[in-house]
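Read the structure below first, then the notes.
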Amino acid sequence: MKLINRDTKVVVQGITGTQGKFHAARMKEYGTRVVAGVTPGRGSQDVDGTPVYDTVIEAKEKQGCDASIIFVPAGGALDASLEAMEAGMDPVVVITEGIPIRDTIELVARAKQLGTTVVGPNTPGLIKAGESKMGIMPNQVFKHGSVGIISRSGTLFYEIAAHVTNHGLGESTCVGLGGDPVVGLDYIELLKWFQKDPETKAVALIGEIGGDAEEKAADFIASGGFTKPLAAYIAGRAAVPGKRMGHAGAIIQGSTGTADSKMNALRGAGAKIGEQPVDVAKALKKALS
Amino acid sequence: MKLLEYEAKEVFRRYGIPLGASAVALTPEEAREAAATIAKPIVVKAQVGVGGRGKAGGIKPADTPAQAYDVAKQILGMKIKDLIVRKVLVEERLSIQHEVYLGVIVDRASRCYTILASSEGGMNIEEVAAKTPEKIVRHNVDPLRGLRSYNTNNVAKRLGYNGKKMQQLGDILLKLFRVAYEMDAELTEINPLVETTEGFIAADARLNVDNNALYRHKELEAKYLESFEGELTPREMEARAMDLTYVELNGDIGIIGNGAGLTMATLDTVMLYGGHAGNFLDLGGGANPDRIGKAVEFVLKDNRVKALFVNVLGGITRCDDTAKGIIEARKKLGDNKPIVVRMMGTNEEDGKRLLHGAGIETNDTMEEAAQKAVNLAKGA
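If you read the sequences in order, they're chains A and B. With this note's numbering applied, the first sequence has no gaps in its numbers, which climb one by one up to 557 at the end. With this note's numbering applied, the second sequence has no gaps in its numbers, which climb one by one up to 1459 at the end.
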């Protein structure tokens, strides 16, 4: 699994669109090395000083980019992601929301075949606090520190990151998994990574109803795969079964995917469970002091 | 998007999945004609987008066209889980030797399509999975290689079929997978697939299409809103038509947030402080004042709602835009219900200034705001 640091050279696919342009600028402000943009048919232009190319291969030849962030609309996101992977970009961060699940299945399978790390789709992205971000999260919330964050949601992730920062802990690396039913990364892959990451002293896990990724993460922790302090918040206790709560993946189906099931599993594995978002920061502060 | 049985069967027919003779009827007369054309004993089935039709009396046999008329007359216009039956499917009655379950689902954990098959056809497959998981055969479809005939033959073998029957069942599975793949299904099922003396026939059909993929299936767009009848409440239908992400709940505190996770956490926090959310409304990313105003108006107009709690963490969504939307909606409706606002992030100061100018207080934390909303609803 490949994440990011201050040396990562980023290409922004879809940089000429409103979102691509806006967030390319915010990423540069944060310190990300945004070296190129790609929009087919719009090569030889520039966006706020960032050169735009027709293809990812051309961007790589001219600017040496090695990771891609994708703001391409849903209908073109599979193509853009495959192009990035086949040009050797790693990681590939797919911000796009609303990609058909069939496309995501193909995207994720191809990434596995090529050994590419895919973050998302429907993700706020990832950030190495104080160094680089490939994502849409607000810059001011994050401060370099010792807490790793893994989240399925966007704004709730910023909410909890702000509490972590305000409690004087700061963040190491934070990754948004994405709110779709099928995404490139799961909690376990990141817990393995955080276990080895010397900068990460503790982890905040932000989950929500739907699927059983949190339960699987709990099994992994219980089996000794992750031994650093961990605090979790699970959104959706007040949700009703059978209704999609905003995210395509946030749905209780039958008796699976409830917040209680996830909280119980994580509690059983020794994690601290926040009753409200701020409790996560409090628990980690206590664990690290 | 959930297709009705007859709509799913129209798709199945295009893909060559074996079906009994059938016709849709809107009136008892049409049902009589259909039965006469089929010229065999038939079943009349209510076409509504909810489960439990049989138990509710929405599926009835008939032996003659005259009986078909009578039965259709009983079923058309009846209510099944609040839905009025407007169409029936008149279908050839099958002589059942055995019933099988076949399905294609998206397996989130394996990140692929998965074939499910069981010899316990006609049952609720989730119950079978819970009680007798050994009776379910699974096959994960390799996304880059697809499904091959030997894969489906192996599934059929594991269900206990050999020779020609194995091939027939395997062939139906291949076709069902093509339906799932080409129609962008989240789920498609034949339950039951009936084994008759003449071979296998799909007696029921289920096809749920991925809403994100509807742009590839223009033919379904016209039926999109209608397909949520029964699944969504009237208010939810109204919200869907306005393109708002809204779920109706039982409480008296209206909730609007931006982002699914934060909005869910807002409901949970209100619950933690003893309140009851009346709805979930996620503004999504980058909503403008107009859209926010519409959302606020929509929730405030709900008679059950006694207080509104707006929780916005500004990123792409700007706090000043949120404030403008709230003020606009309030102007339109008059000062009728208390509003609690918590905002943080992009253009926070501007947003707060606007709200304070309009006499609306703000809170800095979600926890504080939630408590306040709960107290206001109780006092109202």
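Quick reminder that beta carbons are idealized off the backbone N, C-alpha and C, glycines included.
Check                                                                                                                                                                         : Outcome
By DSSP, does A/VAL376 sit in helix, in strand, or in coil?                                                                                                                   : helix
Could you tell me the distance, in whole angstroms, from the CA atom of B/HIS1355 to the CA atom of B/LYS1416?                                                                : 16 Å
Just to confirm my understanding: we take A/GLY559, look at its own chain, exclude 5 residues before and 5 after, and list those with CB closer than 8 Å. What are they?      : In the structure as shown, chain A begins at 269 and stops at 557. Residue 559 of chain A is therefore absent and cannot be evaluated.
Strictly below 8 Å CB to CB, what residues from chain A border B/ALA1356?                                                                                                     : ALA506
Can you name the start and end residues of the beta strand (DSSP E) that B/HIS1296 belongs to?                                                                                : Looking at the DSSP string, B/HIS1296 is not in any beta strand (DSSP E), and its letter there is neither H nor E.
Name the chain B residues that come within less than 7 Å of A/MET531, Cβ to Cβ?                                                                                               : Here the premise fails: no neighbours, minimum Cβ distance about 11 Å.
Who are A/GLN521's beta bridge partners in DSSP?                                                                                                                              : A/THR524
Can you round the beta-carbon distance between B/GLY1128 and B/MET1157 to whole angstroms, since I take them to be within the 8 Å contact cut?                                : That belief does not hold up - the Cβ atoms of B/GLY1128 and B/MET1157 are roughly 15 Å apart, past 8 Å.
Run down chain B in chain order and give the residues with a C-beta less than 7 Å from the C-beta of A/SER312.                                                                : Result: empty, since nearest Cβ-Cβ is about 29 Å, beyond 7 Å.
Pick out whichever of A/ILE283, A/VAL279, A/GLY366 and A/LYS270 has its Cα sitting closest to the Cα of A/PRO449.                                                             : A/GLY366
May I ask you to list, following chain order, the residues of the stretch 1330-1344 of chain B that have a beta carbon less than 8 Å from some beta carbon of chain A?        : GLY1336, ASN1337, GLY1338, ALA1339, GLY1340, LEU1341, THR1342, MET1343 and ALA1344
Interface residues of chain B around A/ILE373 at Cβ under 8 Å?                                                                                                                : VAL1185, ARG1190, CYS1191, TYR1192 and PRO1222
Assuming B/ASN1270 is part of the alpha helix (DSSP H), what are its boundary residues?                                                                                       : Per DSSP, B/ASN1270 belongs to no alpha helix (DSSP H); it is in the beta strand (DSSP E), 1264-1275.
Who are the neighbours of A/ALA518 on chain B, taking C-beta pairs under 9 Å?                                                                                                 : ALA1339, GLY1340 and MET1343
Could you say which of B/VAL1288, B/GLY1357, B/ARG1295 and B/GLY1336 lies nearest to A/VAL508 if we only look at CA atoms?                                                    : B/GLY1357
Using 9 Å as the threshold, is the C-beta distance between A/VAL280 and A/ALA292 below it?                                                                                    : yes
Drop a sphere of 10 angstroms on the beta-carbon of A/SER419, count the other beta-carbons inside from all chains shown, and report buried for 16 or more, exposed for fewer. : buried
Which residue spans inside the stretch 1161-1242 of chain B form an unbroken beta strand (DSSP E) run of at least 3?                                                          : 1167-1171, 1177-1186, 1191-1197 and 1215-1219
Could you tell me the distance, in whole angstroms, from the CA atom of A/ILE395 to the CA atom of B/ALA1292?                                                                 : 30 Å
Just to confirm, are A/SER400 and A/ARG274 a CB contact at a threshold of 9 Å?                                                                                                : yes
Looking at C-alpha atoms only, which residue of A/GLY444, A/GLY413 and A/THR423 is the closest neighbour of A/ASN434?                                                         : A/GLY413
Mind checking if B/ALA1292 is an interface residue toward chain A, Cβ cutoff 9 Å exclusive?                                                                                   : yes
What's the C-alpha gap between B/GLY1099 and B/ALA1284?                                                                                                                       : 12 Å
Mind checking the stretch 1445-1458 of chain B against chain C and listing, in chain order, the residues whose C-beta falls within less than 9 Å of any C-beta there?         : Going by chain labels, chain C is absent from the structure shown, which instead holds the protein chains A and B.
Cα separation between A/ASP314 and A/ILE283?                                                                                                                                  : 9 Å
Within its chain, find whatever has a CB closer than 7 Å to the CB of B/TYR1094; leave out the 5 residues flanking it on each side and keep chain order.                      : LYS1254, ARG1257 and VAL1258
Under 9 Å between C-beta atoms, does A/HIS515 make it to chain B?                                                                                                             : yes
By the criterion of Cβ-Cβ separation under 7 Å, what are the contact partners of B/TYR1085 in chain A?                                                                        : Near B/TYR1085 there are no residues of chain A at all, since even the closest Cβ is about 23 Å away, more than 7 Å.
For A/VAL387, which residues in chain B fall below 7 Å Cβ to Cβ?                                                                                                              : Per Cβ cutoff of 7 Å: no residues; A/VAL387 is ~14 Å from chain B at best.
So B/ARG1397 is in the alpha helix (DSSP H); what residue range does that whole segment cover?                                                                                : Unbroken run through B/ARG1397: none, as it is neither H nor E.
Compute the distance between the beta-carbons of A/GLU354 and A/LEU382, then report whether it is under 9 Å.                                                                  : yes
Under a CB-based cut-off of 9 Å, is A/GLY447 close to chain B?                                                                                                                : yes
Using a threshold of 9 Å, state whether the C-beta atoms of A/PRO233 and A/MET402 are closer than that.                                                                       : This structure cannot speak to residue 233 of chain A, because chain A is shown only from 269 to 557.
In three-state DSSP terms, what is B/ASP1361?                                                                                                                                 : strand
Could you have a look at A/ASN434 and say whether DSSP puts it in helix, strand or coil?                                                                                      : helix
Kindly say whether A/GLU562, judged by its beta-carbon, lies nearer than 9 Å to any beta-carbon of chain B.                                                                   : In the structure as shown, chain A begins at 269 and stops at 557. Residue 562 of chain A is therefore absent and cannot be evaluated.
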